[in-house]
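Novice: Please read through the structure below; I'll follow up with questions.
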Amino acid sequence: DTAVSQTPKYLVTQMGNDKSIKCEQNLGHDTMYWYKQDSKKFLKIMFSYNNKELIINETVPNRFSPKSPDKAHLNLHINSLELGDSAVYFCASSRLAGGTDTQYFGPGTRLTVL
Amino acid sequence: GENVEQHPSTLSVQEGDSAVIKCTYSDSASNYFPWYKQELGKGPQLIIDIRSNVGEKKDQRIAVTLNKTAKHFSLHITETQPEDSAVYFCAAALEYGNKLVFGAGTILRVKS
């Protein structure tokens, strides 16, 4: 059973398009995250939700809009895609909010903007 | 906010040798220090963590040491094997903070 799953695994699109990435966790966790990993492998948090409430928004452009319909799902919608948005996006979850609990990462979505 | 520096950025070792990766953190209030391993094409996975009330923790071939005074912590892998080849990330979190801050990662290559 996959603990944290993301779809799609690969996403290739043109500049200016709008796209969504979906994430689901079956661990029963209360907290979910979106991370961006750039070409140099640097891993940076974008958003965090706890019980469907936004608790972290790390100065991400307004073009990125997360949505958590329930505790098990956290989706990421990106408007007007730019070249600089090309990266691997990871979803993660943890039992507790804050940074002091084990985070379980999904397999990642590689976004390529042409 | 918290800042975590990680060295080296790449590390090549011969199979069977030891590997050491070091990290420093800036906020003395940080009290949780996990290490994640990321294999090619996969998401990071926790391999070991340490909290500020202990100085060392071991799990088979891996160990983590923490020096709170100097604000640095290290990952030690003994008897390295080819399957240890991956990117390793250190991270730090404040006890009452809201996020984990990651180091820049170390690419470990174990040559057989």
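These protein sequences, in sequence, are chains A and B.
Going by my numbering, the first sequence opens with residue 1, and the numbers climb by one from there.
Going by my numbering, the second sequence opens with residue 1001, and the numbers climb by one from there.
The beta carbon of each residue, even a glycine, is placed where N, CA and C say it ideally should be.
If you're wondering where the values come from, they're calculated on a predicted model, not measured in any experiment.
Residue 1087 (chain B) touches chain A at which residues, Cβ-Cβ below 8 Å?
Specialist: For this step, residue 1087 (chain B) is matched to residue 87 along the second sequence. Chain A residues near residue 1087 (chain B): 41.
Novice: Can you tell which of B:1002, B:1019 and B:1056 has its C-alpha closest to the C-alpha of residue 1008 (chain B)?
Specialist: Counting from one through the second sequence, the residue named residue 1008 (chain B) turns up at place 8. Of the listed residues, the one whose Cα sits closest to residue 1008 (chain B) is B:1019.
Novice: Could you spell out where the beta strand (DSSP E) holding residue 97 (chain A) opens and where it closes?
Specialist: For the purposes of this step, residue 97 (chain A) is taken as the residue at position 97 of the first sequence. No beta strand (DSSP E) contains residue 97 (chain A), which DSSP labels as neither H nor E.
Novice: Spatial neighbours of residue 38 (chain A) within its chain, please: C-beta separation below 6 Å, excluding the five flanking residues on both sides.
Specialist: Here residue 38 (chain A) corresponds to residue number 38 of the first sequence, with the count starting at 1. Within the same chain, residue 38 (chain A) has close Cβ partners 87.
Novice: Starting from residue 21 (chain A), find everything on chain B with Cβ-Cβ shorter than 7 Å and list it in chain order.
Specialist: Residue numbering aside, residue 21 (chain A) sits at position 21 when the first sequence is read from its first letter. Correct list: empty, because the minimum Cβ distance to chain B is about 13 Å.
Novice: Return the residues of the stretch 60 to 80 of chain A that lie within a Cβ-Cβ distance of less than 7 Å from chain B, sorted by chain order.
Specialist: Answer set for the stretch 60 to 80 of chain A: empty.
Novice: Along the stretch 27 to 53 of chain A, where does the CB come closer than 7 Å to a CB of chain B? Name the residues.
Specialist: Listed by position along the chain: 41, 42, 43, 45 and 48.
Novice: What do you reckon, are the CB atoms on residue 1017 (chain B) and residue 1034 (chain B) nearer than 7 Å?
Specialist: Counting from 1 along the second sequence, the entry for residue 1017 (chain B) is found at position 17. Counting from 1 along the second sequence, the entry for residue 1034 (chain B) is found at position 34. No, the Cβ-Cβ distance between residue 1017 (chain B) and residue 1034 (chain B) is not below 7 Å.
Novice: Could you check the C-alpha separation between residue 14 (chain A) and residue 21 (chain A) for me, to the nearest Å?
Specialist: Taking the first sequence and counting its residues from 1, the one referred to as residue 14 (chain A) is at position 14. Taking the first sequence and counting its residues from 1, the one referred to as residue 21 (chain A) is at position 21. Near 16 Å, if we compare the C-alpha coordinates of residue 21 (chain A) and residue 14 (chain A).
Novice: Under the rule that 16 or more other beta-carbon atoms within 10 Å means buried, what is residue 1060 (chain B), buried or exposed?
Specialist: Here residue 1060 (chain B) corresponds to residue number 60 of the second sequence, with the count starting at 1. Residue 1060 (chain B) should be labelled exposed.
Novice: Among the residues of its own chain, which have a CB less than 8 Å from the CB of residue 120 (chain A), if the five just before and after it don't count?
Specialist: Because residue 120 (chain A) is not part of the residues shown, which for chain A are 1 to 114, the question remains open.
Novice: So residue 42 (chain A) and residue 60 (chain A) are supposed to be a Cβ contact under 8 Å. How far apart are they, rounded?
Specialist: In the first sequence, the residue the question calls residue 42 (chain A) occupies position 42. In the first sequence, the residue the question calls residue 60 (chain A) occupies position 60. The Cβ separation is near 15 Å, so there is no contact.
Novice: Using the rule of at least 16 other Cβ atoms within 10 Å of the residue's Cβ for burial, across every protein chain shown, is residue 1014 (chain B) buried or exposed?
Specialist: Taking the first residue of the second sequence as 1, we reach residue 1014 (chain B) at position 14. That one is exposed.
Novice: Can you check whether the C-beta of residue 102 (chain A) is within less than 7 Å of a C-beta belonging to chain B?
Specialist: For this step, residue 102 (chain A) is matched to residue 102 along the first sequence. Interface residue, yes.
Novice: Helix or strand or just coil, what does DSSP make of residue 107 (chain A)?
Specialist: Numbered from 1 along the first sequence, position 107 holds the residue referred to as residue 107 (chain A). Residue state, collapsed to three classes: coil.
Novice: Determine, using beta carbons only, whether residue 8 (chain A) comes closer than 7 Å to chain B.
Specialist: If you number the first sequence from 1, residue 8 (chain A) lands on position 8. Judged by the 7 Å Cβ criterion, residue 8 (chain A) is not in contact with chain B.
Novice: Determine which residues of the stretch 88 to 100 of chain A have a Cβ less than 8 Å from any Cβ of chain B, and write them out in chain order.
Specialist: Answer set for the stretch 88 to 100 of chain A: 90, 92, 97, 98, 99 and 100.
Novice: First and last residue of the beta strand (DSSP E) that includes residue 1059 (chain B)?
Specialist: Locating residue 1059 (chain B) in the second sequence gives position 59, where the first residue counts as 1. Here the beta strand (DSSP E) through residue 1059 (chain B) covers 1056 to 1059.
Novice: Can you grab the Cα-Cα spacing for the pair residue 91 (chain A) / residue 1055 (chain B), in whole Å?
Specialist: For the purposes of this step, residue 91 (chain A) is identified with residue 91 of the first sequence, where counting begins at 1. For the purposes of this step, residue 1055 (chain B) is identified with residue 55 of the second sequence, where counting begins at 1. Distance between the alpha carbons of residue 91 (chain A) and residue 1055 (chain B): 31 Å.
Novice: Within 7 Å of any Cβ in chain A, is that where the Cβ of residue 1066 (chain B) sits?
Specialist: For the purposes of this step, residue 1066 (chain B) is identified with residue 66 of the second sequence, where counting begins at 1. Chain A, which has no Cβ nearer than 7 Å to the Cβ of residue 1066 (chain B), makes this no.
Novice: Spatial neighbours of residue 107 (chain A) within its chain, please: CB distance less than 7 Å, with the 5 preceding and 5 following residues excluded, ordered by chain position.
Specialist: Locating residue 107 (chain A) in the first sequence gives position 107, where the first residue counts as 1. Excluding positions up to five away in sequence, the list reads 6 and 9.
Novice: So which residues of chain A does residue 1097 (chain B) contact, with C-beta pairs closer than 9 Å?
Specialist: Looking up residue 1097 (chain B) in the second sequence gives position 97. In chain order: 98, 99 and 100.
Novice: Return the chain-ordered list of same chain residues with a C-beta closer than 7 Å to the C-beta of residue 1084 (chain B), the five sequence neighbours on each side being excluded.
Specialist: As a first step, residue 1084 (chain B) is located in the second sequence; it is residue number 84 there, counting from the start. Hits under 7 Å: 1077, 1108 and 1110.
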